Amino acid sequence: MSTAIEATGLTKSFGRTKALDGLDLTVLAGEVHGFLGPNGAGKSTTLRALLGLLRVGGAVRVFDRDPWRDAVEVHRRIAYLPGDVGLWPSLSGGETIDLLTRLRGGADPAQRRRLLDAFDLDPRTKVRGYSKGNRQKVALVAAFAVPAQLYLLDEPTSGLDPLMEAVFREEVQRVRGEGAAVLLSSHILAEVEQLADRFTIVRAGRTVETGTLADLRHLTRTTFRATTGAPPERIASLAGVHDVRPLDGALTFDVDTDALVPALQALAAAGVTALTVAPPSLEDLFLRHYGRAA
């Protein structure tokens, strides 16, 4: 597959603060790529580098172009939604959408109307009269109203209610179906898990894990919930079993991938009346890297 983004060894410091410390990121054409990390991990700095707004160390290519030297060419192929949407308060929502879309060649009127209806947005209201969620809708309509080959979306559902989040997911699936790549930076891990084909987890400006959800699950533990007569100490003593804890009359614990068969055999021998086995969610994978404090 062709590559939409290829970034290798990105470095950037702001005074004594190291925002990027050798970060790597590859996004394939036609995929939704989840870009995960807490505040300060380097996500927004990376997006600014991809847009050519920031000089960084290392190598960065967007559609095999240098986004700093070839910014105009790169921007023709990109739609960008910033994490902190700032709009002109004296313009209406519709005027703002028209201004933003004209910068990219203009929106198809039918597509613009469809998106306004889908996001339930009144374009006649002045931006100063919008809630945070409605300002986010203006930016989303502007981003999706003009076709792009790459969508850079930084916390795109901030302020949206669950119904509008569902509309957002439908639009992401639509543009992916049209062949576009989407880099989705978000703290809403369940949302990213539903949408993304592959994931990159970053921490302190470095890439700590990348791959499909199946790839990441291979590196982590499986969660068991068992109702058994065996004492917790007996389960905790099994090789590869971690964090045994009682929960609503059952025992919940995590098992290493290579210890699944022995754990199942030990549970069968101990006697089990109910058993649930679940692969870890994306949130579990994330918390493994950052700890519960994240």
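If you're matching positions, the sequence shown starts at 53 in our numbering and goes up one per residue. Here a beta-carbon is modelled for each residue, glycine too, at the ideal position from N, C-alpha and C. All figures in this text were calculated on a predicted structure; none of them were measured in a lab.
The C-beta separation of Asp-76 from Ala-101 comes to about 13 angstroms, leaving the pair out of contact by the 8 angstroms criterion. Burial is judged here by how many other beta carbons sit within 10 angstroms of a residue's own beta carbon; His-270 has fewer than 16 and is exposed. Rounded to whole angstroms, the gap between the alpha carbons of Ala-162 and Tyr-132 is 21 angstroms. Under DSSP, no beta-bridge partner is assigned to Asp-122. Beta-bridge partners of Leu-215 (DSSP): none assigned. Judged by DSSP secondary structure, Ile-149 falls outside any beta strand (DSSP E) and instead within the alpha helix (DSSP H) spanning 145-154. One thing to note: Ile-149 has its Cβ no nearer than 8 angstroms to the Cβ of Val-84. In the displayed model, Ser-54 falls within coil according to three-state DSSP, outside both helix and strand. Following the DSSP letters along the chain, one finds Tyr-342 inside the alpha helix (DSSP H) bounded by residues 334-342. For Gly-146, the closest alpha carbon among the candidates Ala-322, Gly-231, Arg-228 and Asn-186 is that of Asn-186. Residue range 312-322 is occupied by the alpha helix (DSSP H) that includes Leu-312. Burial of Arg-164 is indicated by the presence of at least 16 other C-beta atoms within 10 angstroms of its C-beta. With a contact defined as Cβ atoms closer than 8 angstroms, Gly-257 and Asp-136 miss out at about 20 angstroms. Of the candidates Asp-172, Gly-231, Gly-229 and Gln-225, the residue whose Cα lies closest to the Cα of Leu-212 is Asp-172. Among the bridge pairs identified by DSSP, Phe-87 is matched with Ser-237 and Thr-252.
If you compare the alpha carbons of Val-219, Glu-207, Val-227 and Gly-231 with that of Leu-241, the shortest gap goes to Glu-207. For Glu-261, the secondary structure class from DSSP, reduced to helix, strand or coil, is strand. With a beta-carbon spacing of about 5 angstroms, Val-126 and Pro-119 fall inside the 8 angstroms limit used to define contacts. Each of His-294, Glu-285, Thr-280 and Val-293 was checked against the Cα of Asp-300, and the nearest Cα belongs to Thr-280. Cα atoms of Pro-314 and Asp-336: separation of roughly 23 angstroms, rounded to the nearest angstrom. Going by DSSP, Phe-305 is part of no alpha helix (DSSP H) but of the beta strand (DSSP E) stretching over 302-307.
The beta carbons of Val-260 and Ile-253 sit closer together than 8 angstroms.
In this structure, the beta-carbon distance from Ala-288 to Ala-326 does not fall below 8 angstroms. Look at Leu-106 here: in three-state DSSP terms it is coil, with no helix or strand label. In terms of Cβ geometry, Thr-264 and Arg-273 do not form a close pair [threshold 8 angstroms]. The C-beta distance from Glu-217 to Phe-196 rounds to 14 angstroms, too long to meet the 8 angstroms contact threshold.
Boundaries of the alpha helix (DSSP H) around Arg-286: 284-288.
Taken through DSSP and simplified to helix, strand or coil, Asp-206 comes out as strand.
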